[in-house]
Each structure stands twice: as structure tokens, then as C-alpha cells.
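If you count the sequence shown from 1, you need to add 758 to reach this note's numbering.
The beta-carbon is built from N, C-alpha and C at its ideal position, and this holds for glycine as well.
These numbers come from a predicted model, not from an experiment.
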Amino acid sequence: MQPDPPAGRAGSALCSPVTGRRGRAGAGADLTGAGGPRLAGRGAVSRYVAVMERLDGARQRYVWGSTTAIPELLGIEPDSEPWAELWLGAHEAGPTRVVGGPPLAELIAADPTRLLGEDVVRRFGPQLPFLLKVIAPERALSLQVHPDLEQAQAGWERENREGIAMDSPRRSFKDANHKPEMVLALTRYEAVAGFRAPRRAAEVLADLSSPLARRMRRTLRLNPTRFGIRQVFSDLVSKASRPEPAEVDELVGEISQRLEAGASPSRRADTNAVEMASTFPGDPGVAAALLLNPVTLQPGEALFVPAGSVHAYVSGLGVEVMASSDNVLRAGLTSKHVDVPAMLACVDYVAAPPVRPAPEYLSRATRAYYAPVDDFELLVTTVVPSDSRTQVPGRGPRIVLAVEGTTTVTTPAGQERLTRGQAVFVGADERTLAVEGAGTVVQADVP
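Okay, structure coming up:
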């Protein structure tokens, strides 16, 4: 993704103030500032230079990804390989780079107080607290849960004591952070998230006669509480009690038959189960997904997934923001490492409807999606050519991603013209940010 050259503002020392790109100050300009050098060469940071940098996101080629959705967003030719996610952040598992400069994490480490702001450093330490992704599942992700902060720290320390290498397939906790997340749909987006009420889960199984369906239904009817849900779910995914693949296949066969007959009590749940089974035949995670709420998001709708919520994204294209973590504990529908004891210890079995944050309109152009966490918020701004320059609220570090049209982002650091799929990092020193043009941008920042 080749950027257009940034336009310098009047009176600015540099066109691109951190990476030392050519400007009126010249290639040999002093970027050390009063505090001395932070990074050598193109990564130099000074106290008096503002920061807005174009980003080159990290590509994640997981097998469940769409071969076309992200390339189409970026306006590039697909290469027939799955492209599941585009990461924009500073997590070491998918490091974003400044275009023509250092990794974003290295840039931030050079002067975290100035780039993140004193408040963010005080609350989260000297690292970017959120991670922004474009996510494009073409088939279901693993059935998974994310730990809360206490669980993540304990798991991280335990695996470190056990000497499990970070790149070991047996590693479950990749960092010591929690991973609440929120996805905003760019297209129709399918997921399953959180447990249904036990009686409703039993109704989904009501007319199925396979032995597995009967066992699940009986437990839920005898104990229609979170303890019944816990018993059924743990029996499905635990090594000692999980059903045989043939039992799962028999259950799926019945579900497929009632779908064809138009007799499904939950068409979305049954459709998800059949599609999951086509990729992972015999996997007990298919049966476990029947216990979860099916979710369909239309473009512009959001889903928040808290720590402890069992979920799986199924299909669609979305923008996802989360705490900066890669902690994923899996129970099924995957060929990756499955750590059932750790996963079950983190699950919240309380039945609840999916959390779908409604947008709050901050202006005619900008709507906000707030999650009940301190790590991130998401703002969406849509502008048309007749608009004057639109100010976008927010504070602290920001990542701005264009998802539609062509827009120009302006801060005291200068201007960047963004087309679909292009993004910039804006440091905390940039007190104002405006957008103009014809298109839509998504901004992740810290509340």
C-alpha cells in the first residue's frame, strides 16, 4: 500500500515529523530536541514536533479468513490465500510499522509520555492500550473465550514459571492483559456469543432424538440454571466426557433434516451448526454452539464481547477494537492448541443476551460506540464534500482507519489523504483532528 506524500502545514518544521521524511528542515535536521535523541535516524523523536504517521498494518493469514474481503477493502488484487485480519497497533504478535519508519511499538517506546499522554501512561503503562483490526471470517473462528485481567496475569505468570516458550504450541497466555473486544460490522456479520437461557437452549434441542441431543436436553431441563449450562458445556468440551465424533455427526444430520423441512426452532442456530460441521465434522464445538446466542449484525451495528463470554465469529467483514492482547483460550472448532481447563476456568456461565452497544451521536457526522471498559472506544465519522472540515472528538493516542471513500485527516502535524484501508496513528500531542472529503473513517482511542 503506497501512501501519497503527506502535505506539510504552514510553518511546520517537517512534512512527517517523526520519521524524518524530507521537509523544509532538510534531511539533516536536528530531531533530538531538548531531551536528547530517542531513536536513531528515521525513528528520531523530539519534544517539539507533532506526530501523525501513516501505518502499514500486519497481515494475519489464518485459514478461516476470506480470500477477497480485505484485499477489496484495500483496493489490491487478491492472491487466493486467506487473509483473516489486518492488525493496527503495537502488539508484538502482529507489529504495525510506520510507513518508511520503525515499528509503531518502537516509536511509542521512544517517548511514551508524549505519544500516549500522561494519563494513558499512568493508567496502562508505557504501551498503546488498544488494538484495532479489520477482521474478515469466511468460516467460523474457534469457539473461544478471553480471560479477565486477573486471570490473564495469573495464567501468564504460571506458564512463565513452567518454562513454556512464547512460541510453543502449548502456550495459552501470550501476554498478561485481558482482551475485551467490540466488533463493528462493515457488511452483514454473523456470530454466536454468550449463553442462551437454559430453557431456551433446551427448546432448540426439543425435537432431536439423537443420544447426544437427549443428554444435553435432559441436563438443561433438570437444572435450568447456569450450573446446568456449565455441566452441558464442560461435558461437551472436556477430554474425559466429550462425545464421539459419530455422535456429533448424528446430531448434525438431524439438524440438517429439520432445516430442509423448515421445522427449525432457530434457523440461525441450525444454519451455523451445519456450516461449522462442514469444516469441523465430528467436533463437539458444533453442539456447544447450540447453547450460544446467534447474532446477526447489519452494517453499522456493533457487538461487545466481555471477558468470559464464549463466542465465535462466523462470517462477514468488520472492524474490531480490543484491549491490546492476544490471549485466546479455545474449546473447539480449531486445529490450534486447546487448553480446556484454562478455558473453563475463565468462562462466565450466566445466560445473557448479546451486548450490542447503540451508537451515540456526538454530531451530525460522528457517532460513538462505547464499551464498558477503559481501554478503548470507537468513533465513526462520515463526511460529504459539502461539509466543512469536521472536528472529530477524542483524546490521547488515536488510530484512524478509512473504511469508505477518500478523506483528508488534518491535525497540527499536517494532513494525510486516506483511501479505503489506509490508516494513521495520531499521537496524544495532537489536540485536534478534523476530517473532510467524501467517505467514512473509524477512530479508535482511549476514553
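The beta strand (DSSP E) enclosing residue i, as first and last residue numbers
i	result
Gly1163	Arg1156 to Thr1169
Leu1136	Glu1135 to Val1141
Gln1053	For the sequence presented, residue 1053 should be read as Val rather than Gln. From DSSP, the beta strand (DSSP E) with Val1053 extends over Leu1050 to Leu1055.
Arg1175	Gly1172 to Thr1177
Glu811	Met810 to Asp814
Leu942	Glu939 to Ala943
Val950	Tyr947 to Phe953
Glu843	Glu843 to Leu846
Gln885	Here Gln885 belongs to no beta strand (DSSP E), and DSSP marks it neither H nor E.
Inter-residue spacing [alpha-carbon to alpha-carbon] between residue i and residue j
i	j	result
Glu830	Pro860	27 Å
Ala1177	Asp837	Residue identity check: residue 1177 is Thr in the sequence provided, not Ala. Each residue's Cα considered, the two are about 21 Å apart.
Pro1117	Glu1008	43 Å
Pro1208	Val1108	Look at the range of the chain in this structure, 759 to 1205, and you will see that residue 1208 is not part of it.
Thr977	Thr1054	28 Å
Arg796	Pro853	In this prediction, Arg796 has a pLDDT of 37, which is less than 50 and means its spatial position is unreliable; what the coordinates show is noted afterwards. Answer to the nearest angstrom: the Cα atoms are 20 Å apart.
Leu873	His936	23 Å
Glu811	Pro1170	12 Å
Arg972	Ala998	19 Å
Leu1136	Val1204	9 Å
Ile866	Val1096	34 Å
Met759	Leu832	Unreliable positioning characterises Met759 in this predicted model, as indicated by a pLDDT of 42, which lies under 50. A coordinate reading is not provided.
Gly869	Asp993	Note on identity: in this sequence residue 869 is Asp, with Gly being the wrong assignment. Answer to the nearest angstrom: the Cα atoms are 50 Å apart.
Leu907	Ser1082	12 Å
Thr826	Ala1019	33 Å
Lys1094	Val1105	19 Å
Pro927	Ala1192	44 Å
Gly1076	Gly1058	9 Å
Met1034	Arg881	40 Å
Gly815	Asn1085	20 Å
Tyr1128	Leu944	17 Å
Ala1186	Gly875	5 Å
Ser1036	Met1080	30 Å
Glu1005	Ala1103	26 Å
Glu1012	Arg1000	19 Å
Met974	Phe991	9 Å
Ala1100	Leu1091	17 Å
Thr871	Leu1048	47 Å
Val1184	Met940	21 Å
Same chain, Cβ closer than 6 Å to residue i, neighbours up to 5 away in sequence not counted
i	result
Arg1016	Ser1022
Ser1024	Val962
Arg979	Ala960
Val934	Looking at the sequence provided, one finds Ala at residue 934 rather than Val. Excluding positions up to five away in sequence, the list reads Ala910, Gln911 and Trp914.
Val1138	Arg1125 and Val1200
Val1113	Phe1062
Val878	Gly1154 and Val1204
Val1131	Pro938
Gln1180	Ala1160
Cβ neighbours of residue i in the same chain (closer than 8 Å, five flanking residues each side left out)
i	result
Gly823	Pro840, Trp841, Ala842, Glu843, Ala894, Pro895 and Glu896
Arg1026	Glu948, Pro1052 and Thr1054
Glu917	Arg929, Ser930 and Phe931
Ala1196	Val1141, Val1142, Pro1143, Gly1163, Thr1164 and Thr1165
Cβ-Cβ separation, residue j to residue i (assumed contact under 8 Å), whole Å
i	j	result
Ala1060	Leu942	5 Å
Ala851	Leu862	Between Leu862 and Ala851 the Cβ distance is about 13 Å, and since that is not below 8 Å, they are no contact.
Pro887	Phe1134	7 Å
Leu889	Val857	In fact, because the Cβ distance is near 19 Å, the residues do not count as touching under 8 Å.
Glu1174	Val1182	5 Å
Arg954	Leu1050	7 Å
Trp845	Gln818	6 Å
Ile828	Val892	6 Å
Limits of the unbroken alpha helix (DSSP H) element including residue i
i	result
Ser1073	Looking at the DSSP string, Ser1073 is not in any alpha helix (DSSP H); the run it does join, the beta strand (DSSP E), is His1069 to Ser1073.
Arg880	Glu876 to Phe882
Val1044	Pro1042 to Ala1047
Thr1029	Arg1025 to Thr1037
Gly986	Arg984 to Val995
Thr1198	Note, Thr1198: premise wrong, no alpha helix (DSSP H); beta strand (DSSP E) at Ala1192 to Asp1203.
Met1101	Val1098 to Cys1104
Thr977	Pro969 to Leu980
Gly913	Leu907 to Arg919
Ile828	Ala827 to Leu832
Proximal residues to residue i (C-beta, below 7 Å), its chain only, five neighbours per side dropped
i	result
Arg957	Pro982
Val1098	Val995, Ser996, Lys997 and Ala1089
Glu1188	Ala808, Val809, Met810, Thr1169, Pro1170 and Ala1171
Val1010	Ala1031, Val1032, Ala1035 and Val1044
The ligand MG heavy atom lying under 6 Å from the CB of residue i
i	result
Gly859	For the ligand MG, the structure offers nothing, since it holds no ligand at all.
Worksheet entry | Contact the stretch 1059 to 1070 vs the stretch 892 to 904: 3+ CB pairs below 8 Å | yes
Item to complete: Specify whether the stretch 1058 to 1067 and the stretch 978 to 990 touch according to this definition: at least 3 beta carbon pairs, one from each stretch, less than 8 Å apart.
Response: no
Practice prompt. Would you check if there are 3 or more beta carbon pairs closer than 8 Å linking the stretch 915 to 923 to the stretch 1044 to 1062?
Written response: no
Worksheet item: Does the stretch 1192 to 1205 come within contact of the stretch 1153 to 1168, defined as at least 3 CB pairs closer than 8 Å?
Response: yes
Discussion item. Check whether the stretch 1140 to 1156 and the stretch 949 to 958 touch, using three or more Cβ-Cβ pairs below 8 Å as the test.
Written reply: no
Worksheet item: Is the stretch 961 to 975 touching the stretch 1109 to 1123 in the sense that three or more CB pairs, one from each, lie closer than 8 Å?
Response: no
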